[in-house]
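Residue numbers (this note's numbering), protein chains in the order written: chain B, 284 to 773; chain C, 284 to 773. All C-beta atoms in this analysis are idealised placements derived from N, C-alpha and C, irrespective of residue type, glycine included. A short write-up of the structure that comes next.
There are 2 protein chains.
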Amino acid sequence: MSKNLTKRSEDYSKWYNELVLKADLAENSSVRGCMVIKPYGYAIWEKIQKELDAKFKETGHYNAYFPLFVPKSLFEAEEKNAEGFAKECAVVTHYRLKNDEKNPGKLKVDENSKLDEELIVRPTSEAIIWNTYKKWIQSYRDLPILLNQWANVVRWEMRTRLFLRTSEFLWQEGHTAHETKNEALHEAKLINKLYEDFVTNFMAIPVITGTKSDSEKFAGAEETYCIEALMQDGKALQAGTSHFLGQNFAKAFDVKYADKNGNLEYVWATSWGVSTRLMGALIMTHGDDSGLVLPPNLAPLQIVVVPIFKTELELNNIKDYLKPYINLIKEKGYTIKIDDRLNFKPGYKFNEHEIKGVPIRLAVGNRDIENNSIEVFRRDLLLKENINIENLLDNIEFLIRDIQEKLLNKAKAFQLNNTKEVENYNDFKKLIEKGGFVLAHWDGSEETELKIKNETKATIRCIPESNSKTGTCIISGKKSLKKVYFAKSY
Amino acid sequence: MSKNLTKRSEDYSKWYNELVLKADLAENSSVRGCMVIKPYGYAIWEKIQKELDAKFKETGHYNAYFPLFVPKSLFEAEEKNAEGFAKECAVVTHYRLKNDEKNPGKLKVDENSKLDEELIVRPTSEAIIWNTYKKWIQSYRDLPILLNQWANVVRWEMRTRLFLRTSEFLWQEGHTAHETKNEALHEAKLINKLYEDFVTNFMAIPVITGTKSDSEKFAGAEETYCIEALMQDGKALQAGTSHFLGQNFAKAFDVKYADKNGNLEYVWATSWGVSTRLMGALIMTHGDDSGLVLPPNLAPLQIVVVPIFKTELELNNIKDYLKPYINLIKEKGYTIKIDDRLNFKPGYKFNEHEIKGVPIRLAVGNRDIENNSIEVFRRDLLLKENINIENLLDNIEFLIRDIQEKLLNKAKAFQLNNTKEVENYNDFKKLIEKGGFVLAHWDGSEETELKIKNETKATIRCIPESNSKTGTCIISGKKSLKKVYFAKSY
Numbered sequence: 284m285s286k287n288l289t290k291r292s293e294d295y296s297k298w299y300n301e302l303v304l305k306a307d308l309a310e311n312s313s314v315r316g317c318m319v320i321k322p323y324g325y326a327i328w329e330k331i332q333k334e335l336d337a338k339f340k341e342t343g344h345y346n347a348y349f350p351l352f353v354p355k356s357l358f359e360a361e362e363k364n365a366e367g368f369a370k371e372c373a374v375v376t377h378y379r380l381k382n383d384e385k386n387p388g389k390l391k392v393d394e395n396s397k398l399d400e401e402l403i404v405r406p407t408s409e410a411i412i413w414n415t416y417k418k419w420i421q422s423y424r425d426l427p428i429l430l431n432q433w434a435n436v437v438r439w440e441m442r443t444r445l446f447l448r449t450s451e452f453l454w455q456e457g458h459t460a461h462e463t464k465n466e467a468l469h470e471a472k473l474i475n476k477l478y479e480d481f482v483t484n485f486m487a488i489p490v491i492t493g494t495k496s497d498s499e500k501f502a503g504a505e506e507t508y509c510i511e512a513l514m515q516d517g518k519a520l521q522a523g524t525s526h527f528l529g530q531n532f533a534k535a536f537d538v539k540y541a542d543k544n545g546n547l548e549y550v551w552a553t554s555w556g557v558s559t560r561l562m563g564a565l566i567m568t569h570g571d572d573s574g575l576v577l578p579p580n581l582a583p584l585q586i587v588v589v590p591i592f593k594t595e596l597e598l599n600n601i602k603d604y605l606k607p608y609i610n611l612i613k614e615k616g617y618t619i620k621i622d623d624r625l626n627f628k629p630g631y632k633f634n635e636h637e638i639k640g641v642p643i644r645l646a647v648g649n650r651d652i653e654n655n656s657i658e659v660f661r662r663d664l665l666l667k668e669n670i671n672i673e674n675l676l677d678n679i680e681f682l683i684r685d686i687q688e689k690l691l692n693k694a695k696a697f698q699l700n701n702t703k704e705v706e707n708y709n710d711f712k713k714l715i716e717k718g719g720f721v722l723a724h725w726d727g728s729e730e731t732e733l734k735i736k737n738e739t740k741a742t743i744r745c746i747p748e749s750n751s752k753t754g755t756c757i758i759s760g761k762k763s764l765k766k767v768y769f770a771k772s773y
Numbered sequence: 284m285s286k287n288l289t290k291r292s293e294d295y296s297k298w299y300n301e302l303v304l305k306a307d308l309a310e311n312s313s314v315r316g317c318m319v320i321k322p323y324g325y326a327i328w329e330k331i332q333k334e335l336d337a338k339f340k341e342t343g344h345y346n347a348y349f350p351l352f353v354p355k356s357l358f359e360a361e362e363k364n365a366e367g368f369a370k371e372c373a374v375v376t377h378y379r380l381k382n383d384e385k386n387p388g389k390l391k392v393d394e395n396s397k398l399d400e401e402l403i404v405r406p407t408s409e410a411i412i413w414n415t416y417k418k419w420i421q422s423y424r425d426l427p428i429l430l431n432q433w434a435n436v437v438r439w440e441m442r443t444r445l446f447l448r449t450s451e452f453l454w455q456e457g458h459t460a461h462e463t464k465n466e467a468l469h470e471a472k473l474i475n476k477l478y479e480d481f482v483t484n485f486m487a488i489p490v491i492t493g494t495k496s497d498s499e500k501f502a503g504a505e506e507t508y509c510i511e512a513l514m515q516d517g518k519a520l521q522a523g524t525s526h527f528l529g530q531n532f533a534k535a536f537d538v539k540y541a542d543k544n545g546n547l548e549y550v551w552a553t554s555w556g557v558s559t560r561l562m563g564a565l566i567m568t569h570g571d572d573s574g575l576v577l578p579p580n581l582a583p584l585q586i587v588v589v590p591i592f593k594t595e596l597e598l599n600n601i602k603d604y605l606k607p608y609i610n611l612i613k614e615k616g617y618t619i620k621i622d623d624r625l626n627f628k629p630g631y632k633f634n635e636h637e638i639k640g641v642p643i644r645l646a647v648g649n650r651d652i653e654n655n656s657i658e659v660f661r662r663d664l665l666l667k668e669n670i671n672i673e674n675l676l677d678n679i680e681f682l683i684r685d686i687q688e689k690l691l692n693k694a695k696a697f698q699l700n701n702t703k704e705v706e707n708y709n710d711f712k713k714l715i716e717k718g719g720f721v722l723a724h725w726d727g728s729e730e731t732e733l734k735i736k737n738e739t740k741a742t743i744r745c746i747p748e749s750n751s752k753t754g755t756c757i758i759s760g761k762k763s764l765k766k767v768y769f770a771k772s773y
């Protein structure tokens, strides 16, 4: 295990915070709650972006860009949405600074530059976008509109944690407009499925899916579909949401279209997003006591080579020895690099690449050249073996697939082992205390939900679509249509 | 020429504004000075981003992300930089809204949420980044730092125009830190060269390059390298800048490194950027009275096919006829689409693709099938010809290269024809009135520069590196080391 990294079993939260810093992913900035995403962390985010962006485009979506600011009068138009975000809004009130006569060299806000109307830094873009769609939509011919934007948003959070909850974060937000309710519902579900597929198969993070309860759904939505992942400390993490917005925004912004018969109808809407929070899910799903563990799909560097040498001549010999194999590996599209830094010792390099989660580490010294061998280390299982260098490419190809697969399987097994069904509130309380998902019957009332939350800190993470065995609520004894997933959450 | 588009010769400025809207590139939003970049415009911006990003990475740069907000105390640390941007800063002063009791359903700023220190929405990120670099840099081993970020920035402009000058715009900003002055100078020049190469060879926009005069350089820079393009109305447009920042930010933020001997030295810096303004350069360099003209490198859709049909059977016949050729074209990596919309007539489609600048348009009707032919239209020259469909792929490959090349050559010829040298102020005034670059001797004083600006509205666009014939200033008659480029500008 890595030097100086707290063990997960000692203090999971501390382990997370240390890992984010030590793996060089992100750090806090001098702006309250805002993070600096460091190059290594950003390179992983770029891999997430690239893959998701391709999936959005494949399913007919286009990117666009809408303003950072939302005038207050637009912001408040959809009341539930406004209410949901009002308490965490950064507000721009002035547009100029001037010299502070009392403090030479310092600046102060120029009171003469007060804005007639305050601008809200977008916490989400439904308001500004629907105000724009109003101009774009007249007829059924203008529909559907299937747009996405990659952007920064600001929610003034009181307690922040790198990636998991920051005042500014990066995300994508899709905003679509449709002729019919069914079409919009289909879109919201399609995207939730796309998120599920991406997070499971690309990030190797298994999720449960379903809808949110009324109290947990997006402010302004009729229905929120979601994917929820389970972290190693037994807490759930909401990894993505896709909202069926009904006609709420169309009504708030008066967006109607003429159908084929010339009748005016309100437009149906969806919105959906995932954010840099996925980085938190990634770290907490796969990380171990030695640091970050990256699925090969997300690793900015998939294979690192640490040469063991004393002289420059030895280093050059090692490079000559490796060259043909490295070329083959590169040709196959893998990223590989020789860490030939002179001012760091092999042990230091091993530790650094371990904590940064590089999936495969190769080590080569003089004796390997003599023996035609190479040491191969896989980060996920912390296993190393010596192989004949002739087999290197085959071995790499196997490991890239196998690490991706095993990480998913391991996380799936963890989720399965930590998902329990209960029939009564006593068992519920015992299990929820241990962590994990607990499936239990719920009568569908906000009252029951709140009582459980107050007494156990657990919330309904999602209402699954499939499970449909009726029963009785563990609290009220009333009729329940299906069991729902509870957990404590991030 | 396109219906309803003002001619360039009638009103160039009106032509530009109309084109941006009619080609579906962008539009004004309900937020003063902020634009909505529409999907078609954004798709072009994505092509710019992708190519530039690859070039930055090839030259050893990494992406990262820094906060949107800059606390006022950091913002004012580098005095010249602060002074340069103070008058156009959006300022966040509060972090919460509350219900407005007097207006049910409305919100107002919660006065209890006033920030202790105001936050500036970044107009540029030197301050927040150098405050971060202070933590990252201790020793020469930590250098160089070669980072870039893709981000939105806000400069509260009084007069705005889509893409050319907007209160919020998208850009990339590179920020590098170096051990030595020479290394930083080399970096600043390298990036200016990279910009020149990209804008010339990828965007087909020729530029002149050099440094800015003191009055035109970036606030906080020691030297600003720039690329300047010439628009069809004879005005110059600053297309990119790369700044050698000396040790100004290192001193303002106290960033020192220990060199190999253990001596503490201030770090040397550069910063550099291009923005969505490049979209304006693109439109104004290549556009004509029929609309946008896109170099194939930047066209989201390179080839569009307009089928001429009356019945669905005819449409299907046309599709069958085209299929093998379209597959070949796609295999070569070109983007091609059949515009098979049923509710639009061919004439409407021709006009739409013309105004959107699609480089190549193909048209196919029944008679073409009989004759084994296809109509090929090239947007740049507005020329069409009928060819044997067997030659389609060869023809496309030729046109893609030829259009890209001819657009550059045409723009180069325009720039050459509109760049004149003068020896006295009378000739200067006559030529500058006509537009274009005017090369003239200048004594290097701010006084002379200001006099010329006041009397002619022309500014020094750049001081070329190479030209080094001495002479006498056209205003003062004092000694001048070289002729410099003057022009009126955007």
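Per the C-alpha coordinates, the member of Leu453/B, Trp328/B, Arg315/B, Asp516/B positioned closest to Tyr773/B is Asp516/B.
For Ala552/B, the enclosing beta strand (DSSP E) has its first and last residue at 551-558. Asn701/C carries a coil assignment under DSSP once its states are collapsed to helix, strand and coil.
Pairing Leu664/C with Leu302/C, the inter-Cα distance amounts to about 18 Å.
Counting only runs of at least 3 residues, the stretch 512-581 of chain B fully encloses the following beta strand (DSSP E) elements, listed from N- to C-terminal order: 519-529, 539-541, 547-549, 551-558. Taking 8 Å as the threshold, the shortest C-beta distance from His377/B to chain C falls below it. Rounded to whole angstroms, the separation of the alpha carbons of Val767/C and Lys734/C is 15 Å. For Pro406/C, no alpha helix (DSSP H) run applies, since DSSP gives it neither H nor E. Below the 7 Å Cβ cutoff, chain B contributes Ser313, Val314 as neighbours of Pro354/C, in chain order. Nearest Cα to Arg405/C within the set Trp439/C, Ser496/C, Leu429/C: Trp439/C. Nearest in C-alpha terms to Glu505/C, of all of Glu462/C, Trp551/C, Lys543/C, is Trp551/C. For secondary structure counted as the alpha helix (DSSP H) over 4 or more consecutive residues, the stretch 437-504 of chain C holds these complete runs in sequence order: 464-484. Within chain B, the residues whose beta carbon sits less than 9 Å from that of Leu453/C are Tyr348, listed in sequence order. Under the Cβ criterion (8 Å, minimum of three pairs), the stretch 652-672 of chain B does not count as touching the stretch 437-455 of chain B. Per DSSP, Ala326/B lies in no beta strand (DSSP E) segment; the continuous alpha helix (DSSP H) that holds it begins and ends at 322-341.
Straight through space, the alpha carbons of Pro322/C and Gly570/C are spaced by roughly 19 Å.
Distance from the CA of Leu714/B to the CA of Lys703/B, rounded to the nearest whole angstrom, comes to 8 Å.
Ranked by Cα distance from Glu680/C, the first of Ile643/C, Glu637/C, Glu706/C, Val647/C is Ile643/C. In this structure, DSSP gives Thr731/B a helical state, which the three-state scheme calls helix.
Distance between Gly367/B and Gly503/B, taken at the CA atoms: about 8 Å. Judged by their CB atoms, Ile510/B and Ala519/B are not nearer to each other than the 8 Å cut-off. Neighbours of Arg424/B across chain C, judged by C-beta separation under 7 Å: Asn626. With respect to chain C, the C-beta atom of Asn435/B has a partner C-beta closer than 8 Å.
Nearest to Lys543/B by alpha-carbon distance, out of Gly556/B, Thr463/B, Ile612/B, is Thr463/B. Within chain C, the residues whose beta carbon sits less than 9 Å from that of Glu362/B are Gly388, listed in sequence order. Here the alpha carbon of Arg560/B sits roughly 52 Å from the alpha carbon of Glu732/C.
As DSSP reads the structure, Tyr348/B sits in a beta bridge with Ile320/C.
Against Ala533/B, chain C offers no close residue; the least beta-carbon distance is about 17 Å (beta-carbon pairs closer than 9 Å). Assignment of beta-bridge partners to Ile743/C by DSSP yields Phe769/C. Taking C-beta atoms as the reference points, Leu598/B and Val647/B fail to come closer than 8 Å.
Annotated three-state conformation of Glu359/C is coil, per DSSP. Gln421/B sits in coil when the DSSP states are folded into three classes, being neither helix nor strand. Contact with chain C is found for Thr415/B, since one of that chain's Cβ atoms lies less than 8 Å from the residue's Cβ. The three-state reading of DSSP puts Asp663/B in coil, since its state is none of H, G, I, E or B. Contact annotation for Lys321/B against chain C: Ala347 [CB-CB distance below 7 Å, chain order]. The beta carbon of Lys397/C is closer than 8 Å to those of Thr376, His377 in its chain, skipping five residues each way along the sequence.
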